[in-house]
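Single-structure report; data block below.
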Amino acid sequence: MAHGMGALVAAEMVERAITFQLLELDLSYQHLKTCPAQLPELGSILVTLNLSNNRLTGLPDDLSNLCCVEELFLQYNCLMKLPESIGCMTRLYELDVKNNRLVALPASIGNLTCLAILNTTNNVLTSVPPSLGRVIKLQELCLHSNRLKDLPENVCKLKDLESLYLGENRLECLPFKIGHFRQMTEMDVSGCELRQLPNSICDCVSLKKLWVCSNRLMGLPAQMGRLVNLKELHVRRNQIRAFPASLARLHVYTFTAYNNPLLDEYNKLGLQRLTKEPKDDLPPLLELSARAVYNHGIEHNTGCIPQELEALLSSVRICSSCGGPFFFHFRSNVFFHTVGVFHRVPLLQQLCSPLGNKKCVPLESKR
Ligand SMILES: [Zn+2]
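My numbering puts the first residue of the sequence shown at 915, with every later residue one more than the last.
Right under this line is the structure:
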């Protein structure tokens, strides 16, 4: 098909598709500024609709006739919004709207319960609707290069999600329950404004590739070593001085860590600052209480527990070895270890209380 024949040709093609009840309609590269008027009349036969690479600024308000479309390609247009009626396309499997000017997604997107692939890369989204959490078959979610500041916690209900691309946004934090993505194999959050990753990321046990470059991370969660399937880890351009000791347990093939203020073996003062030995063998009562509250998942922030304890609970850290919580009573040191093929990096080990806890063994002696 020759390109750029314009609106007339497109109108003819739509007519032809209606007459011959075609399953597929390709209107890409037609320099269309508006959709052919008859488009909504295509009815319930069409399965694939390709309107990509045009100059569309909008779609018809009523798409309810196109209820059998499974693949909708709208990428490389000038769309500023999608009509709410897109929620009627309940058989949609793939929706590609990358490279448009979308400011928001319609809440009705939550009705697309067959959708497996959603690509919104390179738009100007400032948020995603919480209803996205209802798109339960979603496997691939691309939100790369938008203006997102956060993601609704509801998104963590997408249990089948395998790939999540969030890079080049303005995210300052990730959803607390990100660990619910047990099927996720790839995640990209590079180029955001993250200061830390939620501890629950260590529950994403299928993760094979993780990109967190160009953020403001000061460290990684202590239990990263639980990501036993991780083969690629990219943490370039952050503020990391030492990695968690549990990384020593991983067998990553590709590890990029440059442009971080990593400690080196000659930085005696820096190493000393991260070395700590508790005064007493047994943790004080306050520490033990805080650990108990944390371990039992007791609801705090309700004013029911002493203020001193309440304040402490927000500063929980996780033991490098046993994964248990600790607050101010801990033992820590830095050792150097090869991660990936070449990188000998500083690993920070923080142990809750090795004494009397058989599960809590220093990592160096494990190897
Ligand atoms: Zn421990």
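Beta carbons: idealized from backbone N, C-alpha and C, even for Gly.
Problem - Option nearest residue 903 by Cα separation, candidates 1123, 1149, 1077 - result: Because the chain spans 915 through 1281 in this model, residue 903 falls outside it and cannot be assessed.
Handout entry: Where residue 1170 falls: helix, strand or coil (DSSP)
Key = As a working note, residue 1170 is residue 256 in the sequence shown. Correct three-state label for residue 1170: strand.
Exercise for the section: Could you tell me the distance, in whole angstroms, from the CA atom of residue 869 to the CA atom of residue 1160? Expected result: This structure does not reach residue 869, given that the chain is present from 915 up to 1281, and the question cannot be answered.
Exercise for the section: Please indicate yes or no: does the CB of residue 1160 lie closer than 7 Å to some heavy atom of ligand 1? Expected result: As a working note, residue 1160 is residue 246 in the sequence shown. Every heavy atom of ligand 1 is 7 Å or more from the Cβ of residue 1160, so no.
Problem - Closest Cα partner of residue 1075 within the set 1052, 934, 1191 - result: Indexing the sequence shown from 1 puts residue 1075 at position 161. Cα-wise, what sits closest to residue 1075 is 1052.
Exercise for the section: Take residue 939 as the anchor and find which of 966, 945, 948 has the nearest alpha-carbon. Expected result: Position 25 of the sequence shown, counted from the start, is the residue given in the question as residue 939. Out of 966, 945, 948, 966 has the C-alpha closest to the C-alpha of residue 939.
Practice task
Tell me residue 1260's beta-bridge partners as DSSP assigns them.
Solution key: Translated into the one-based positions of the sequence shown, residue 1260 becomes position 346. Residue 1260 is bridged to 1250.
Handout entry: Neighbourhood of ligand 1 [Cβ distance below 5 Å to any heavy atom], ordered by chain position
Key = 1233, 1235, 1236, 1238, 1266, 1274
Handout entry: 8 Å Cβ cutoff met for residue 1038 and residue 1060
Key = Along the sequence shown, one-based indexing puts residue 1038 at 124. Along the sequence shown, one-based indexing puts residue 1060 at 146. In contact: residue 1038 and residue 1060 (Cβ atoms closer than 8 Å).
Problem - Presumed contact (8 Å Cβ cut-off) between residue 968 and residue 987, rounded CB distance - result: Numbered from its first residue, the sequence shown carries residue 968 at position 54. Numbered from its first residue, the sequence shown carries residue 987 at position 73. Their Cβ separation, rounded to whole angstroms, is 11 Å, which puts residue 968 and residue 987 out of contact at 8 Å.
Problem - CB contact check: residue 1120 to chain D, cutoff 8 Å - result: In the structure shown, chain D cannot be found, because there is only a single protein chain.
Problem - Local conformation of residue 1056 per DSSP, three classes - result: As a position in the sequence shown, residue 1056 is number 142, starting the count at 1. The answer is strand: DSSP assigns residue 1056 an E or B state.
Problem - Span of the alpha helix (DSSP H) around residue 1031 - result: As a working mapping, residue 1031 is identified with position 117 in the sequence shown. Per DSSP, residue 1031 belongs to no alpha helix (DSSP H); it is in the beta strand (DSSP E), 1031-1033.
Practice task
With DSSP as the reference, label residue 1232 as helix, strand or coil.
Solution key: For the purposes of this step, residue 1232 is taken as the residue at position 318 of the sequence shown. Looking at residue 1232 - three-state DSSP - the assignment turns out to be strand.
Problem - Neighbour-count burial assignment, residue 1245, 16 or more Cβ in a 10 Å radius - result: For this step, residue 1245 is matched to residue 331 along the sequence shown. Under this definition residue 1245 is a buried residue.
Handout entry: Contained alpha helix (DSSP H) runs [length at least 4] in the segment 1185-1237, N- to C-terminal order
Key = 1199-1209, 1221-1227
Exercise for the section: Could you name the residues of the same chain whose beta carbon sits closer than 8 Å to that of residue 1098, not counting the 5 residues immediately before and after it, in chain order? Expected result: Reading the sequence shown from its first residue, position 184 is the one you call residue 1098. Counting only Cβ-Cβ distances below 8 Å, and skipping sequence neighbours, we find 1075, 1076, 1077, 1078, 1118, 1120, 1121.
Exercise for the section: With a 10 Å radius around its C-beta and 16 neighbouring C-beta atoms as the bar for buried, classify residue 1277 as buried or exposed. Expected result: Start at 1 with the first residue of the sequence shown, and residue 1277 comes out as number 363. Buried.
Practice task
Hey, could you find the ends of the alpha helix (DSSP H) residue 929 is sitting in?
Solution key: Counting from 1 along the sequence shown, the entry for residue 929 is found at position 15. Note, residue 929: alpha helix (DSSP H), 920-933.
Practice task
Just tell me which of 1221, 1137, 949, 1167 has its CA closest to the CA of residue 1146.
Solution key: In the sequence shown, the residue the question calls residue 1146 occupies position 232. The shortest C-alpha separation from residue 1146 is found at 1167.
Handout entry: Sequence-distant residues of the same chain with beta carbon closer than 6 Å to residue 937, five excluded per side
Key = In the sequence shown, residue 937 corresponds to position 23, counting from 1. Around residue 937: 961.
Problem - C-alpha gap between residue 1242 and residue 1056, whole angstroms - result: Reading the sequence shown from its first residue, position 328 is the one you call residue 1242. Reading the sequence shown from its first residue, position 142 is the one you call residue 1056. Spanning the two alpha carbons is a distance of roughly 40 Å.
Exercise for the section: Decide if residue 926 is buried, meaning its Cβ has at least 16 other Cβ atoms within 10 Å, or exposed. Expected result: For the purposes of this step, residue 926 is taken as the residue at position 12 of the sequence shown. Answer is exposed; the Cβ neighbour count stays below 16.
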